[in-house]
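Residue numbers (the numbering used here): 121 to 455.
In this text, a Cβ means the ideal position worked out from N, Cα and C, and glycines have one as well.
What follows is one structure encoded as structure tokens, with my remarks underneath.
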């Protein structure tokens, strides 16, 4: 439990922090919580504050003291009443939940509340989710569950209904972008990374990442190529997209960047003062918008979203991109 400070987390998520402080102050800590927020909203930092405030022996003005035995143990990741669970591969599995429940059901060695945290709770498989649900349905007064997710809708409704919700606010993109520009990042790159993350530190790393810069450049080249002919687009895939398709995560990032490009065109068609992911491409977006209907653009967005779904079906990624380009071109024939 490292790398957080009250001042930083309070500035990042003041509403959530006040909600947590109120729970502690009124001694109303419940048996289960979901902390929900998009990537980059500081879920882990809010979690760390919450756990430390619950277990702190000497909080001062509703802030963890950071010097008591409990705070020190949390900081060094060896507090016996605190357990964390991460996905095992793609999913959180039944056996992991069984082990966690068994651990939580043992007589506590330390006094005080037990807390268990499930990171990426939306990745619970069906069996694990149902097992966890049964445990949540029989709450024990001295045990608190905290589930972290950026996809609340992916949790089964019965789990959602048994947890109190702490929702995290996103940093306004205009504020994040200004912070990035102040760090020396170009306006165009800052506009793009603001769509990929809501966290300043992560955005800075991404903006300076050579692979991300290549992905951005290749996607924009692909959009321009597809505007000329399907042959140009296919050639671009084979010449420029190879490095972007090696890993599923990188391929998904490339598809996100492609999706944002087409969303830019829709935004420009609706308003010539639209805020774009690629402000350096606005002159070209204007040209495309003039010759494309909303219906065509809507269909193209659907095609890219469908390709993102196919990405998780272990298709050959190069063939998937080729089919994507063919489908995007067909829009102008059939729509």
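Beta-bridge partners of residue 397 (DSSP): none assigned. Linking residue 286 to residue 144 through their CA atoms gives a straight-line distance of about 14 Å. By the Cβ test, the stretch 128-138 is in contact with the stretch 166-174, since at least three Cβ pairs between them sit closer than 8 Å.
According to DSSP, residue pairing for residue 285 in a beta bridge involves 154.
In this structure, DSSP gives residue 244 an extended state, which the three-state scheme calls strand.
Taking one beta carbon from each stretch, the stretch 349-365 and the stretch 309-316 have fewer than 3 pairs nearer than 8 Å; the two do not touch. In the three-state reduction of the DSSP assignment, residue 149 falls in the coil class.
If the five residues before and after residue 135 are omitted, its C-beta is found closer than 7 Å to the C-beta atoms of 289, all from its own chain and listed in chain order. When DSSP reads this structure, residue 203 sits in a beta bridge with 236.
Per DSSP, residue 306 is not a residue of any alpha helix (DSSP H), being assigned neither H nor E. A direct Cα-Cα distance of roughly 24 Å separates residue 363 from residue 421. Spatial neighbours of residue 173 in its own chain (CB-CB distance under 8 Å, excluding positions within 5 residues in sequence) are listed in chain order as 140, 141, 144, 179, 182, 183, 184.
Ranked by Cα distance from residue 381, the options 392, 404, 207 are led by 404. For the pair residue 278 and residue 401, the Cα-to-Cα distance works out to about 46 Å. Taking the Cα of residue 255 as reference, the smallest distance to any Cα among 222, 270, 268, 243 is reached at 222.
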